[in-house]
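From first to last, the protein sequence lines are chains Z and E. In the working numbering, each number is its position in the first sequence, counted from 1, plus 139. In the working numbering, each number is its position in the second sequence, counted from 1, plus 8. All residues carry an ideal CB built from backbone N, CA and C; glycine is no exception. What follows is a single structure, written as structure tokens, with notes after it.
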Amino acid sequence: MRYIPNTEEVCREMLSTIGVDSVGDLFSDIPRELLLQEPLNIPGPLSEMDLYEHLKGLAGQNTDADEATYFLGAGAYFHWIPSVVSHLAGRSEFYTAYTPYQPEVSQGTLQAIFEFQTYVALLTDMEVANASMYDGASALAEAVLMAMRIKTDRKEILIASTVHPEYREVVKTYLLAQDVRIREIPFTGDFQTDWKTAEEEISKRTCCLVVQNPNFFGVAEDPKALGRIFDRLHDAGGLAIATVVEPISLGILLPPGRYGADIVVGEGQSLGNPVSFGGPFLGIFATRKGFVRKMPGRLVGETTDSRGERGYVLTLATREQHIRREKATSNICTNQSLNALRASIYLSVLGKKGLREVARINMRNADYTRERIAEIPGYTTQRVPIFNEFVVRCKKPVPEIHEALLAEGIVGGLDLARFSQELENHMLVCVTETNRLKDIDRMCRILRAVG
Amino acid sequence: MSRETPGTQGLVLNEPLVFEQSVPGRRAYSLPETGVPEKSLEDIIPADFLRQEVEGLPEVSEVDVVRHYTRLSQWNYGIDLGFYPLGSCTMKYNPKINEDLAGLPGLCQVHPYQGERLSQGILRLMYELQQMLAEIVGLKGVSLQPSAGAHGELTGMLMIRAFHAERGAPRKKVIIPDSAHGTNPASSALCNYQPVSLKSDERGLISSEALAAAMDQEVAALMLTNPNTLGLFERDIVKLARIVHSKGGLVYCDGANLNALVGITRFGDMGVDVVHINLHKTFSTPHGGGGPGAGPIAVNENLIPYLPVPTVEKEADRYVLCYDHPKSIGRVRAFYGSLGVLLRAYAYILSMGPEGVRRASEVAVINANYIRAKLKKSYHLPYDRICKHECVFSDRLQNLHGVQTVHIAKRLMDYGFHPPTIYFPLIVRGALMIEPTETESKETLDRFVSAMEAIARESQEDPDLVLQAPHKTKAARLDETQAARSPHLTWTDVG
Chain Z
140 MRYIPNTEEV
150 CREMLSTIGV
160 DSVGDLFSDI
170 PRELLLQEPL
180 NIPGPLSEMD
190 LYEHLKGLAG
200 QNTDADEATY
210 FLGAGAYFHW
220 IPSVVSHLAG
230 RSEFYTAYTP
240 YQPEVSQGTL
250 QAIFEFQTYV
260 ALLTDMEVAN
270 ASMYDGASAL
280 AEAVLMAMRI
290 KTDRKEILIA
300 STVHPEYREV
310 VKTYLLAQDV
320 RIREIPFTGD
330 FQTDWKTAEE
340 EISKRTCCLV
350 VQNPNFFGVA
360 EDPKALGRIF
370 DRLHDAGGLA
380 IATVVEPISL
390 GILLPPGRYG
400 ADIVVGEGQS
410 LGNPVSFGGP
420 FLGIFATRKG
430 FVRKMPGRLV
440 GETTDSRGER
450 GYVLTLATRE
460 QHIRREKATS
470 NICTNQSLNA
480 LRASIYLSVL
490 GKKGLREVAR
500 INMRNADYTR
510 ERIAEIPGYT
520 TQRVPIFNEF
530 VVRCKKPVPE
540 IHEALLAEGI
550 VGGLDLARFS
560 QELENHMLVC
570 VTETNRLKDI
580 DRMCRILRAV
590 G
Chain E
9 MSRETPGTQG
19 LVLNEPLVFE
29 QSVPGRRAYS
39 LPETGVPEKS
49 LEDIIPADFL
59 RQEVEGLPEV
69 SEVDVVRHYT
79 RLSQWNYGID
89 LGFYPLGSCT
99 MKYNPKINED
109 LAGLPGLCQV
119 HPYQGERLSQ
129 GILRLMYELQ
139 QMLAEIVGLK
149 GVSLQPSAGA
159 HGELTGMLMI
169 RAFHAERGAP
179 RKKVIIPDSA
189 HGTNPASSAL
199 CNYQPVSLKS
209 DERGLISSEA
219 LAAAMDQEVA
229 ALMLTNPNTL
239 GLFERDIVKL
249 ARIVHSKGGL
259 VYCDGANLNA
269 LVGITRFGDM
279 GVDVVHINLH
289 KTFSTPHGGG
299 GPGAGPIAVN
309 ENLIPYLPVP
319 TVEKEADRYV
329 LCYDHPKSIG
339 RVRAFYGSLG
349 VLLRAYAYIL
359 SMGPEGVRRA
369 SEVAVINANY
379 IRAKLKKSYH
389 LPYDRICKHE
399 CVFSDRLQNL
409 HGVQTVHIAK
419 RLMDYGFHPP
429 TIYFPLIVRG
439 ALMIEPTETE
449 SKETLDRFVS
459 AMEAIARESQ
469 EDPDLVLQAP
479 HKTKAARLDE
489 TQAARSPHLT
499 WTDVG
């Protein structure tokens with residue numbers, strides 16, 4: 140009961156102020172047959188020390204990046220998180236606050252969100268960004284819903300099959316109740332999106348086209364090809380949605396705003412957030428000014444207070460459920476403030492030069508690793524531009540390779556058979572700044588030995 | 009103002025935007041030398057794939073970053089600073105040990121695709137949390153996947169839709185009481201349901217007659233909150249559920265107010281088919297200034313086949329992620345859930361145990377009724393009945409002097425308190441919705457009551473003092489109209 144300050148005695152005193160005899164009287168409005176007669180069948184209570192030991196025991200049953208070397212990405216990336224990120228985001232004034240409904244006592248959260256919106260707009264080269272979404276996948280689903288609100292009479296969603304498979308699944312779930320059709324654009328033999336087919340698929344029925352860059356297979360898509368396809372899409376009256384799952388890439392690759400995206404969504408985990416078994420993550424959402432009132436999620440805007448000082452408030456809430464209820468744009472009423480704060484701190488630390496530098500190291504390390512693996516008999520790699528991930532085709536089954544790597548403390552790349560039978564014996568390998576030369580070379584030695 | 013009031017003005021530092029502090033060449037980063045041979049970018053990737061440095065990103069030093077965010081933090085009010093009686097948000101204390109646990113590398117440095125074999129500890133934690141939540145709400149199936157309460161609503165409503173669709177038609181309408189959270193109609197609308205509003209009766213409750221009149225074969229579900237947003241228990245709940253079920257509908261319960269009921273009664277026993285649970289409320293995970301949260305859903309046996317994939321299951325002594333659910337609605341997010349939030353809730357339940365969670369609900373209810381009893385002398389109480397964990401007043405008495413709810417809220421800041429939820433629920437005009445939670449002491453509640461009484465007095469004697477509030481906060485009253493009329497949403501936009 141260490142979290143409950145009122146003792147039995149104090150509670151009795153309060154009950155008499157309320158004018159009842161016992162705490163049971165405060166539940167007399169609940170029909171008797173509904174009242175539980177037995178304590179709940181749950182464990183505990185545990186002392187703080189016992190709790191710590193129990194959770195430490197559970198933590199010990201997992202392999203983690205402190206004890207093993209990972210070449211695993213595919214939507215969740217290990218990057219070095221500077222110490223200041225956790226220290227600052229760990230200030231309890233940030234993490235023990237609620238949604239900033241009262242701006243006078245929430246300027247910290249509000250200014251931090253305003254800065255986050257700015258960071259997202261700069262990274263994606265878009266005009267406006269919101270205060271963040273649940274994660275990259277749900278942000279993408281919301282982007283498709285937004286496109287449907289803008290293009291109400293269009294019933295066809297084109298989505299590249301090079302978009303993260305789990306993101307595509309989430310889009311399908313969100314559209315279960317909608318009267319639309321989803322068509323997938325195939326990919327080529329070297330894992331680039333098949334733009335030729337995409338072009339043929341675009342028509343007056345197209346509501347939006349969804350692409351991912353770098354795509355799920357790590358390929359940095361050609362921005363000229365993207366620009367051409369988006370032009371074609373705009374001519375046909377559709378909207379271009381670009382998703383970025385590895386935002387570190389935006390430190391070096393041309394951003395979606397430059398090749399004509401109307402809505403840019405993405406996953407912000409890479410920016411100062413731990414991998415955490417997949418959550419909590421950080422959905423990114425940006426668009427053009429003209430669409431701001433169609434955008435889901437919270438927004439923070441700049442204004443002045445009654446003394447004339449600059450300040451920040453939640454704004455344009457009329458788009459949301461608070462006021463319009465059944466006419467609401469979306470039901471979102473939470474964002475990922477703390478994750479967004481971590482992203483802002485991370486980006487402040489890296490800044491203009493650091494972000495480019497970390498992106499460059501990622502690209503260089505991945506390129507080096509791909510070249511080394513390509514030299515090993517029994518393995519082939521795709522020969523197209525990549526950022527920090529690439530596909531390796533293996534002769535041996537991937538689980539067998541995984542076993543050999545794990546025996547040496549290495550967690551290998553993702554077995555793509557997980558998502559598609561035709562991708563059996565394909566492994567998606569990720570290399571970031573956290574992978575040292577000696578670990579890369581060690582992995583290559585093991586791959587060679589396995590054959 | 010009494011001497012023990014914590015709200016006083018001290019050293020308040022100004023802090024420009026981080027972008028405005030940039031000095032070319034300044035840096036806060038250091039990057040690892042990985043040993044990989046240098047190679048020029050042009051040899052790796054075509055030049056026209058690349059951008060230059062991201063214009064506008066700042067160049068600052070580490071100490072700049074530290075001071076910047078430390079100062080911002082000091083402008084925030086959090087539960088560690090004081091009383092935060094935001095109704096319906098359940099701002100209870102967030103135990104510190106849980107933060108330490110969430111930082112264990114074996115829990116936060118774990119990759120979602122590393123496979124079940126390397127993740128047994130986490131999967132066990134998730135499985136056990138599912139079991140605990142199922143037991144607490146009295147329903148069999150649980151998914152930890154939804155990322156927030158409203159996300160849980162969407163998930164639950166999609167499942168209801170799938171359930172009806174399999175039986176021939178998804179149906180058309182969802183009945184929602186007028187006291188509901190705004191997310192309820194929005195979530196229904198997202199699932200292509202037409203929300204039908206149901207008026208609460210003079211008790212502030214749903215009457216079985218009104219429900220029976222609204223219920224027909226086109227209604228997919230009743231979506232209610234219990235206790236409702238007036239803080240009142242829907243005492244006819246069993247009858248209401250029977251009416252809905254008799255026409256083939258389902259009962260969705262918004263579990264935002266679960267904090268009043270843990271260990272006391274269970275949704276499953278009331279006839280509820282689906283409920284979402286806001287872990288950041290009842291189970292004490294911090295809400296981070298607006299998120300992350302988590303909104304697991306619990307469902308009865310009929311709906312288990314529709315749960316999102318993957319589910320976490322136990323096979324012999326091994327924990328697995330199961331994708332083999334042909335009727336599943338699919339995924340609602342990437343990966344499996346917000347582990348960082350889930351593990352804090354798990355740790356909280358374990359530290360409390362069965363007696364502790366029940367006592368927490370009892371004390372939360374005692375505290376709310378204590379506020380109700382003490383404040384009803386100074387504030388209008390539209391529904392003067394035993395409440396659950398929150399109570400709703402209105403500004404009717406203060407209105408006589410021109411003072412409205414918003415002014416009372418702002419004036420409370422001068423007394424060092426975060427204001428309650430205002431203007432919600434919509435069915436009470438000028439509502440003040442107060443939720444003290446069980447982690448507040450009687451002394452804190454007494455100080456809050458004194459401040460509220462002082463504001464009631466001021467409203468009569470010196471209304472201007474209240475109307476001009478707040479007087480002591482970092483920012484004075486902010487112009488929200490200006491913000492909405494000409495939105496400035498990014499720094500470049502302003503610059």
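- Where Ser205/E is concerned, the enclosing beta strand (DSSP E) starts and stops at 202-206.
- Linking Gly164/E to Arg404/E through their CA atoms gives a straight-line distance of about 38 Å.
- Those residues of the stretch 268-279 of chain E placed with their C-beta closer than 7 Å to a C-beta in chain Z are Gly271, Ile272, Thr273, Arg274, Asp277, Met278, ordered along the chain.
- Interface annotation, Trp219/Z: in contact with chain E, CB-CB separation under 9 Å.
- With a cutoff of 9 Å on beta-carbon distance, Glu161/E and Met231/E are scored as near each other.
- Taking a Cβ-Cβ threshold of 7 Å, the residues of chain E close to Thr235/Z are Gly86, Ile87, Asp88, Asn102, Pro294, in chain order.
- Arg250/E counts as exposed, since fewer than 16 other beta carbons sit within 10 angstroms of its beta carbon.
- In summary, the residues of the stretch 362-374 of chain Z whose CB is separated from some CB of chain E by less than 8 Å are Pro362, Lys363, in the order they occur in the chain.
- Just so you know, the alpha carbons of Lys100/E and Asn106/E end up roughly 14 Å apart.
- Setting aside the 5 residues that flank it on each side, Leu475/E is surrounded in the same chain by His415, each with a C-beta closer than 6 Å to its C-beta; the list follows chain order.
- Counting only unbroken stretches of 4 or more residues, the alpha helix (DSSP H) elements lying wholly within the stretch 404-454 of chain E are 404-407, 413-422, in sequence order.
- The beta carbon of Glu528/Z sits no closer than 9 Å to any beta carbon of chain E.
- Cα atoms of Ile442/E and Ile430/E: separation of roughly 9 Å, rounded to the nearest angstrom.
- Taking a beta-carbon distance threshold of 9 Å, Leu410/Z does not count as an interface residue toward chain E.
- At a beta-carbon threshold of 8 Å, none of the residues of chain E lie near Gly429/Z; the nearest stands roughly 12 Å away.
- Taking the Cα positions, Gly303/E is about 14 Å away from Arg339/E.
- The secondary-structure analysis by DSSP pairs Met566/Z across a beta bridge with Val531/Z, Asp554/Z.
- With contact defined as three or more Cβ pairs closer than 8 Å, the stretch 359-368 of chain Z and the stretch 327-344 of chain Z are in contact.
- Tyr485/Z and Asp56/E have their C-alpha atoms some 27 Å from each other.
- Membership of Ser402/E in the beta strand (DSSP E) is indicated by the continuous run 399-402.
- In summary, Gln560/Z is exposed, with fewer than 16 beta-carbon neighbours lying within 10 Å of its beta-carbon over all protein chains present.
- Close to chain Z, meaning a Cβ-Cβ distance shorter than 8 Å, are the following residues of the stretch 373-395 of chain E: Val373, Ile374, Asn375, Asn377, Tyr378, Arg380, Ala381, Lys382, Arg393, Ile394.
- Contact between Leu586/Z and Leu211/Z does not hold, since their C-beta atoms are separated by about 15 Å, which reaches or exceeds 8 Å.
- Runs of the beta strand (DSSP E) lying entirely within the stretch 345-392 of chain Z, each at least 3 residues long, are 345-351, 378-383 in chain order.
- Residue pairing of Glu321/E in beta bridges, as defined by DSSP: Val328/E.
- Along the stretch 175-196 of chain E, the positions whose C-beta sits under 9 Å from a C-beta of chain Z are Pro178, Ile184, Ala188, His189, Gly190, Thr191, Asn192, Pro193, Ala194, Ser195, Ser196, read in chain order.
- Neighbours of Gln256/Z in chain E, taken as residues at a C-beta separation under 7 Å, are given in chain order as Leu497, Thr498.
- Taking C-beta separations shorter than 7 Å and ignoring five residues to either side along the sequence, the partners of Ser208/E in its chain run Pro185, Asp186, Ser187, Ile214, Ile435, following chain order.
- Residue environment for Glu451/E: exposed (fewer than 16 other C-beta atoms within 10 angstroms of its C-beta).
- Residues of chain E whose Cβ lies closer than 8 Å to the Cβ of Glu514/Z do not exist; the shortest such Cβ separation is about 14 Å.
- At least one beta carbon of chain E lies nearer than 9 Å to the beta carbon of Asn478/Z.
- For the options Pro103/E, Tyr92/E, Thr78/E, the alpha carbon positioned closest to that of Arg230/Z is the one of Thr78/E.
- Under the three-state reduction of DSSP, Ala306/E is assigned to strand.
- Residues of chain Z with a Cβ closer than 7 Å to the Cβ of Thr237/E do not exist; the shortest Cβ-Cβ separation is about 13 Å.
- Here the C-alpha atom of Leu494/Z lies approximately 19 Å from the C-alpha atom of Val403/Z.
- When the five nearest sequence neighbours on each side are left out, the beta carbons in the same chain lying within less than 7 Å of the beta carbon of Cys116/E are those of Ala110, Gly348, in order along the chain.
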